[in-house]
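Colleague: So that we are looking at the same thing, I have put the structure below in structure tokens.
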Amino acid sequence: MHADEAETDADLVRRLVRGRFPEWAELPVERVVSGGTVNAVYRLGSALSVRLPLTAGGVRALEREARWLPRLAPGLPVAIPVVTGTGGPAESFPWPWAVHRWLDGESPVEGQATADLVRDLASFVLALRGTGVAGGPTAYRGGPLASVDAEMRSAIDQLRRTDEPFDADAIQSSWGESLRAPAWTGPPRWLHSDLMPSNLLVNAAGRLTGVLDFATAGVGDPACDLIPAWNLLPPEARPAFRDAMDADDASWLRGRGWALSMAVIQLPYYRATNPIISANARYVIRSVLES
4 MHADEAETDA DLVRRLVRGR FPEWAELPVE RVVSGGTVNA VYRLGSALSV RLPLTAGGVR
64 ALEREARWLP RLAPGLPVAI PVVTGTGGPA ESFPWPWAVH RWLDGESPVE GQATADLVRD
124 LASFVLALRG TGVAGGPTAY RGGPLASVDA EMRSAIDQLR RTDEPFDADA IQSSWGESLR
184 APAWTGPPRW LHSDLMPSNL LVNAAGRLTG VLDFATAGVG DPACDLIPAW NLLPPEARPA
244 FRDAMDADDA SWLRGRGWAL SMAVIQLPYY RATNPIISAN ARYVIRSVLE S
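Each residue of the sequence shown is one higher than the one before, starting from 4 at the first, in the numbering used here.
Pasting the structure below:
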């Protein structure tokens, strides 16, 4: 997916685990297929997972999670990752890596969310916003939409040169509307900022059981955590989610802008390398343009 991506495989994970955690050396190792773009994830036995950064930038993500996950977990209504161990560069792998507790569940499917999942998502986002954890870092998408305007415009131009069946002018118009929405003037709130379906876990009944990947979490404008309205929920479920979140018009437009910008920027970059991300990006663009 990335030009500077590290190569990993199950044998590398076995060697790293054997050297750092000999007590787990005999556990089976299996690559986890996901839409993740920051870490390669391997299941270790039945209760653990190993996360290896794909690029040097992923090291900061592991450090952020190790610091903040234990502080956030007590205030949240569903499970989040628990760091059970860390390792350093070894066996030709150049960066630190981490072992997390395995969380059971499956990622939800776009357009198939239940009413219970809508309520569960809102409960999680509101609980995260209201956490009393002080001193959080700035969220990756916690600032104004204008911070990604140049990247968004470049991505729209790239999209025009592909065979994707989207109206670039309509995308530009929607983006402009979101950019013009009044800015957040409240206090910084905790937000996840990457609530993609692949970062959510549900059980067989469709209830939210876990949230993954807090690499971009932090404090700022909480509107970004409205993105499941467009990257996951069917159109008929969006009003209930908006009501549960008590989102005003400006917040809703900013949330829509974050969802659209993430999708438009991701699609040209990942369309040939990450089918999960690119399929979701197409769903988001359709969701926004049809709303």
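Every residue, glycine too, gets a C-beta built ideally from N, C-alpha and C.
Identify whether P111 lies in helix, strand or coil by the three-state DSSP scheme.
Modeller: coil
Colleague: Starting from S234 and walking both ways along the alpha helix (DSSP H), at which residues does that stretch end?
Modeller: What sits at residue 234 in the sequence shown is Asn, not Ser. DSSP places N234 inside the alpha helix (DSSP H), whose first and last residues are P231 to N234.
Colleague: Applying the 10 Å Cβ sphere with the 16-neighbour rule, what's the burial state of V112?
Modeller: exposed
Colleague: Using only the alpha-carbon positions, how far apart do I83 and G61 sit?
Modeller: 18 Å
Colleague: Can you give, in chain order, each stretch of the alpha helix (DSSP H) that sits fully within the region 35-94 and has at least 4 residues?
Modeller: 60-75
Colleague: Would T11 be called buried (16 or more neighbouring beta carbons within 10 Å of its own) or exposed?
Modeller: buried
Colleague: Is it buried or exposed, G22, if we count other Cβ atoms within 10 angstroms and call 16 or more buried?
Modeller: exposed
Colleague: Determine the direct distance from the alpha carbon of P25 to that of L51, and round the result to whole angstroms.
Modeller: 14 Å
Colleague: In this structure, does DSSP put V136 in helix, strand or coil?
Modeller: In the displayed model, V136 falls within coil according to three-state DSSP, outside both helix and strand.
Colleague: Below 8 Å, how does it come out for the region 140-157 and the region 174-192: are there three or more Cβ pairs, yes or no?
Modeller: They touch, by the three-pair rule.
Colleague: Take D216 as the anchor and find which of E29, L15, D252 and S110 has the nearest alpha-carbon.
Modeller: S110
Colleague: By how many angstroms is the C-alpha of F169 removed from the C-alpha of P92?
Modeller: 44 Å
Colleague: Here's a check: name, in chain order, each residue in its chain whose Cβ is nearer than 7 Å to the Cβ of R241, leaving out the five neighbours to either side.
Modeller: Cβ neighbours of R241 beyond the five flanking positions: A232.
Colleague: Under three-state DSSP, which class holds L124?
Modeller: helix
Colleague: If you measure between the beta carbons of A125 and M265, is that distance less than 8 Å?
Modeller: no
Colleague: Among residues of its own chain, excluding the 5 on either side of V121, which ones have a beta-carbon nearer than 8 Å to its beta-carbon?
Modeller: Within its own chain, the residues whose Cβ lies closer than 8 Å to the Cβ of V121, once the five positions on either side in sequence are excluded, are L236, A240, A243, F244 and A247, listed in chain order.
Colleague: Where do the N-terminal and C-terminal ends of the beta strand (DSSP E) with G213 fall, by residue?
Modeller: L211 to V214
Colleague: Where does L194 fall in DSSP's three states?
Modeller: strand
Colleague: Cutting at 8 Å between CB atoms, please list the residues of its own chain near R259, excluding the five before and the five after it.
Modeller: S177, S181, L229, A232, W233, V291 and S294
Colleague: Specify the secondary structure class of F96 as computed by DSSP and reduced to three states.
Modeller: In the three-state DSSP reduction, F96 falls in the strand class (E or B).
Colleague: Could you spell out the range, first to last residue, of the beta strand (DSSP E) harbouring V291?
Modeller: From DSSP, V291 is part of no beta strand (DSSP E) but of the alpha helix (DSSP H) over P278 to E293.
Colleague: Going by C-alpha to C-alpha distance, which of L57, R63 and L55 sits closest to G218?
Modeller: The sequence shown places Ala at residue 218, rather than the Gly named in the question. Comparing Cα-Cα distances from A218 to each of L57, R63 and L55, the minimum goes to R63.
Colleague: Assuming E223 is part of the beta strand (DSSP E), what are its boundary residues?
Modeller: According to the sequence displayed, residue 223 carries Gly and not Glu. G223 -> beta strand (DSSP E) spans G221 to G223.
Colleague: Looking at C-alpha atoms only, which residue of R164, R18 and P238 is the closest neighbour of Y272?
Modeller: R164
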